[in-house]
Amino acid sequence: MEKVQYYTRTAQWLHLIMAVIFIAAWLIGFYSGNFLSYEVDGSFKGDVITLHKNIATTIIFLLVVRIFWRYTHPAPELPDTMSPRMKTLAHAGHLALYFMLIALPVTGCLYSWSLGYPAPVLYLFNLPALISENPAVTAIVKPLHIWLSWAVGLLLVGHIFAALKHHFIDKDHVLNSMTRQSKSSKK
Ligand code: HEM
């Protein structure tokens, strides 16, 4: 059977859209959490957090589509020039990123609900609150959300450096498989 060389166009678009949304959500959350305070910035901080939530919750919906697509459309194999240990590391890194795509929105929503606030989506509707206001839950999910956000920041930097290393140092097809198409493929 012929080996898959490129991700489908749909997978590439999902990757790009989720990357842009995730990084935007990260930057906005980081800005609000570390540079704004209610004492100095008043309602502006509230507006920034609301923007953070409205963008970030979309990741949940996109992730469902992405996982479905991943299981129904095989991903390209990693190049044979990579050692088995590097391949295992790459797979572990991808799994960790998928985990973060679930864990960050989930802890973010629990954080908001536990404070008695909604988890809105694109300023259109609120996700149904799965818990009511609960300071004991806040005490757990608030630091968890912050720690996960720092961990995912490191993972993202590693992911980007790895992609650039494949392209410019190893000169293999890994980065191209997520950005290009073979002449005959089309989905
Ligand atoms: C794409 C997923 C998400 C990412 C990457 C993300 C990232 C972040 C980051 C980097 C921070 C700042 C942490 C710090 O203080 O150093 C933050 C804070 C926060 N996030 Fe998220 N988050 C995500 C999803 C969500 C969701 C879905 C909600 C709620 C619906 C949410 C609610 C909050 C709240 C309330 C804060 C505190 C902001 C503040 O104290 O000013 N997050 N998030």
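Mapped onto this note's numbering, the consecutive letters of the sequence shown carry residue numbers 209 to 395. Glycine included, each C-beta is placed from N, C-alpha and C at the ideal position.
- With at least 16 other beta carbons inside 10 angstroms of its own, TRP321 counts as buried.
- Three or more Cβ pairs closer than 8 angstroms define a contact, and the region 293 to 300 falls short of that threshold against the region 340 to 353.
- As DSSP reads the structure, ASN334 sits in a beta bridge with PRO328.
- Judged by DSSP in its simplified three-state form, VAL212 adopts coil rather than helix or strand.
- At least one heavy atom of ligand 1 is found less than 7 angstroms from the C-beta of TYR319.
- Under the criterion of beta carbons closer than 8 angstroms, HIS260 and GLY237 qualify as touching, at roughly 5 angstroms.
- In the displayed model, ASP288 falls within coil according to three-state DSSP, outside both helix and strand.
- ILE268: member of the alpha helix (DSSP H) spanning 266 to 280, first to last residue.
- One thing to note: ALA370 has its Cβ no nearer than 8 angstroms to the Cβ of GLY316.
- Straight-line spacing of the CA atoms in GLN213 and GLU341 works out to 49 angstroms.
- Under the three-state reduction of DSSP output, ASN242 falls in the helix class.
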